[in-house]
Amino acid sequence: MIEFPMADRVAALPPYLFAEIDRVKAEVRARGVDIISLGIGDPDLPTPDFIVEALCAGAKKPENHQYPDYVGLLAFRAAVADWYKTRFGVTLDPAKEVVSLIGSKEGIAHFPLAFVNPGDLVIVCSPNYPVYPVATGFCGGEVKILPLTDANDYLPDLDSVTDAEWARAKMIFVNYPNNPTSAVAPRAFYEKLVAKARETKTIVVSDAAYTEMYYDPAERPMSILEIEGAREVAIEFHSLSKTYNMTGWRIGMAVGNEQLVKGLGKIKENVDSGIFQAVQEAGIVALAKGEPYAEQFRGIYKERRDVAVAALAKMGIACRTPKASFYLWCKTPAGQTSSAFVTKVLQETGVVLTPGNGFGAPGEGYFRIAMTVPVARLEEALSRIAKL
């Protein structure tokens with residue numbers, strides 16, 4: 001058989017950390033063990049019926065069966081702008097400062113293609129969503145990891161970046177509420193970040209996919225665009241996936257600086273053909289009418305959070321009580337690495353967890369729990385772990 005070597009950019013990807021976990025999971029399942037997966041951040045709750053009904057109605061329109069506009073229906077972009085105005089008090093021009101995405105991951109992965117040249121420095125705050133460094137590497141960019149630690153409330157130490165590094169930095173990726181740590185960034189952090197970005201002409205890429213998964217209405221996560229001057233340097237990525245349980249629908253948005261939005265749109269013009277218009281019409285309805293449902297979802301996740309945090313404390317596993325997201329970021333028992341602990345739990349209990357080092361080296365010594373199963377299953381999973 002002829003062998004076709006993959007491109008260097010693919011060969012340079014780090015080893016797939018979860019390959020061994022997948023192998024063990026198959027082995028455990030073959031033994032007839034009941035697998036409980038707390039590993040993937042995919043809501044188990046269904047998409048609300050009114051959104052599904054809007055999709056069905058849109059799918060019946062012949063005009064929606066043709067190629068959509070790659071930047072998205074103006075009506076969808078206007079709905080995004082209306083939602084940002086209502087939720088964050090941020091005014092956006094839907095024609096120039098909003099672009100639709102086939103899920104926020106797609107947009108984040110494509111964005112560096114518009115602005116990063118080979119050799120450019122990109123700062124990634126880590127633990128991190130793996131797409132940030134991967135997308136940078138595909139462009140030939142150089143990644144600088146800025147560690148997020150418990151001691152610093154999982155906020156990056158911007159002062160630890162040297163003047164020379166800031167001078168080289170093309171962009172910096174930040175993600176709050178954070179996946180995987182569930183940390184939330186205060187206004188003071190965003191103010192400092194925006195000031196530094198404006199001073200050094202660095203693009204700020206804000207991944208805000210989890211802002212609607214909060215637990216205290218008095219502490220709702222903010223958008224970086226609420227900060228004065230942020231529009232000069234920032235683009236923010238958001239998604240309907242987590243807010244309205246629409247992960248499989250693949251619909252999201254990027255908003256902010258007009259040049260940055262236009263650059264991303266230019267890439268999308270050349271690599272995809274936009275979102276099915278019926279999905280966009282369903283997205284319009286979700287953004288306009290979905291808040292009462294999002295509030296219900298928050299209540300469900302809060303119950304799960306409280307049950308899980310109490311169970312973890314009882315078994316002596318350190319875990320912060322998250323203010324947002326549906327993740328729990330927990331320390332592994334003393335002397336155990338992330339991968340070793342997660343593998344042991346899977347082999348002996350059938351419970352799937354995510355190793356912290358899967359989100360970058362600063363995640364070593366931690367594991368992530370996704371609260372994406374009903375309370376009864378969550379209690380069962382944690383009771384199994386407690387017996388180890």
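One point on numbering: in the UniProt record's numbering, the residue at position 94 of the sequence shown is 94, and numbering is uninterrupted.
Every residue, glycine too, gets a C-beta built ideally from N, C-alpha and C.
Just so it is clear, the structure is predicted and the values come from calculations on it, not from any experiment.
In terms of Cα proximity to residue 273, the closest of 142, 102 and 150 is 102. For residue 252, the uninterrupted beta strand (DSSP E) segment begins and ends at 252 to 256.
Residue range 234 to 239 is occupied by the beta strand (DSSP E) that includes residue 238. Exclusion of the five residues before and after residue 362 leaves 126, 127, 145, 147, 148 and 149 as the residues of its chain whose Cβ lies within less than 8 Å of its Cβ.
Rounded to the nearest whole angstrom, the CA to CA distance from residue 40 to residue 115 is 31 Å. With respect to residue 350, residue 356 sits apart: the two C-beta atoms are not nearer than 8 Å.
One Cα belongs to residue 255, the other to residue 49, and the distance between them is close to 27 Å. Beta-bridge analysis with DSSP links residue 142 to 121.
The C-beta of residue 371 has 16 or more other C-beta atoms within 10 Å across all chains shown, which makes the residue buried. In the three-state scheme derived from DSSP, where H, G and I count as helix and E and B as strand, residue 339 is classed as helix.
Going by beta carbons, residue 279 and residue 234 fall outside the 8 Å limit.
For the pair residue 182 and residue 209, the CB atoms are not nearer than the 8 Å cut-off. In the three-state DSSP reduction, residue 152 falls in the helix class (H, G or I).
Checking the DSSP bridge columns, you'll see residue 37 partnered with 352. Across the structure, residue 202 and residue 196 are spaced so that their CA atoms are roughly 8 Å apart.
By the Cβ neighbour-count rule, residue 110 is buried, with 16 or more other Cβ atoms within 10 Å of its own. For residue 331, the pairing in a beta bridge is given by DSSP as 366. With contacts defined as CB atoms closer than 8 Å, residue 337 and residue 24 fail to qualify as a contacting pair. In this structure, the CA atom of residue 308 is about 33 Å from the CA atom of residue 172. The alpha-carbon separation between residue 76 and residue 345 amounts to approximately 44 Å. Residue 205 is bridged by DSSP to 173 and 235. Measuring C-alpha to C-alpha distances from residue 12 to each of 174, 134, 289 and 340 identifies 134 as the nearest.
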